[in-house]
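Asks: Structure in structure tokens, see below.
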Amino acid sequence: MIAIVPFGYPVLREVARPVEAFDKKLGRLLDRMVKVLDSRRDGAALAAPQLSALQRVVVMDYQGEFLVLVNPQILSAEGREVDFEGCLSLPGLSGRVPRFAKVRVRYQDGEGKTCEIEREGAIARCLQHEIDHLDGILYIDRMEEELLHANDGSRTMAREEVLRTAGKPPVALSLAPVARSTRRAGG
Ligand SMILES: [Zn+2]
28 MIAIVPFGYP
38 VLREVARPVE
48 AFDKKLGRLL
58 DRMVKVLDSR
68 RDGAALAAPQ
78 LSALQRVVVM
88 DYQGEFLVLV
98 NPQILSAEGR
108 EVDFEGCLSL
118 PGLSGRVPRF
128 AKVRVRYQDG
138 EGKTCEIERE
148 GAIARCLQHE
158 IDHLDGILYI
168 DRMEEELLHA
178 NDGSRTMARE
188 EVLRTAGKPP
198 VALSLAPVAR
208 STRRAGG
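Convert by adding 27 to the 1-based position in the sequence shown; the result is the number in my numbering.
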């Protein structure tokens, strides 16, 4: 099972690079993302940084719509809606987030073909959430309210309290931090 990077890891706060090559490597990343998303009934979409891949790639499987979005960008947006949102990197929590009600998005599909879609409501919200991930932005950054809610209704948490944990992964994690060996011979 591939673990989703939880909040607290710096990779979620970095800006992902545009995809330039529509090659086998991208295909493998897409396969991995689809597999992880399929395994999560609670997730509508996944952005590549949530699997430690700093590339501008999103997969979405939500309300009967399956989309692979490479290099997505919001071309235009209108309206404003506030609604609950959750994130696979912040499991068990949700909060009310203001978003554009309608967005027009340009992206490339898995083969590099340029596409444009216009969506509103929940799918527009989901697209904005995922595109934010590619810029290191999480929904809690955009919240205007100070309380996050546990999905099981058991408690609320102060947004500040959650934000303070940034960069400090909790101890009991199943995912090891990316530990690139810095030890060199003679060092
Ligand atoms: Zn998310």
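Just so it is clear, CB atoms sit at the ideal spot from N, CA and C, and this is done for glycine as well.
1) Counting Cβ pairs, one atom from each stretch, are 3 or more of them under 8 Å apart for the segment 104 to 118 and the segment 144 to 156?
2) So, Leu115 versus Ile31, is the Cβ gap smaller than 8 Å?
3) Can Val38 and Met60 be called in contact, C-beta distance under 8 Å?
4) Output needed for Ala185: all residues of its chain with C-beta closer than 8 Å, excluding positions within five of it in sequence on either side, in chain order.
5) With a cut-off of 8 Å on the beta carbons, I'd call Val42 and Asn98 a contact; round off their distance for me.
6) Going by other Cβ atoms of all chains shown within 10 Å of its Cβ, with 16 needed for buried, is Gly112 buried or exposed?
7) On the DSSP bridge assignment, give the partners of Phe127 in chain order.
Replies: Judging by the given coordinates:
1) Taking a contact to require three or more Cβ pairs closer than 8 Å, the segment 104 to 118 and the segment 144 to 156 qualify as touching.
2) Residue numbering aside, residue 115 sits at position 88 when the sequence shown is read from its first letter. Residue numbering aside, residue 31 sits at position 4 when the sequence shown is read from its first letter. In this structure, Leu115 lies near Ile31, with their beta-carbon atoms less than 8 Å apart.
3) The residue you call residue 38 lines up with position 11 of the sequence shown. The residue you call residue 60 lines up with position 33 of the sequence shown. No, Cβ-Cβ distance for Val38 and Met60 is not below 8 Å.
4) For the purposes of this step, residue 185 is identified with residue 158 of the sequence shown, where counting begins at 1. Closer than 8 Å at Cβ, skipping near neighbours: Glu173, Leu174, Leu175.
5) Position 15 of the sequence shown holds residue 42. Position 71 of the sequence shown holds residue 98. About 13 Å separates the two Cβ atoms, so there is no contact after all.
6) Counting from 1 along the sequence shown, the entry for residue 112 is found at position 85. This sequence places Glu at residue 112; Gly is not what is there. Buried.
7) Taking the sequence shown and counting its residues from 1, one reaches residue 127 at position 100. Answer is none; Phe127 lacks a bridge partner.
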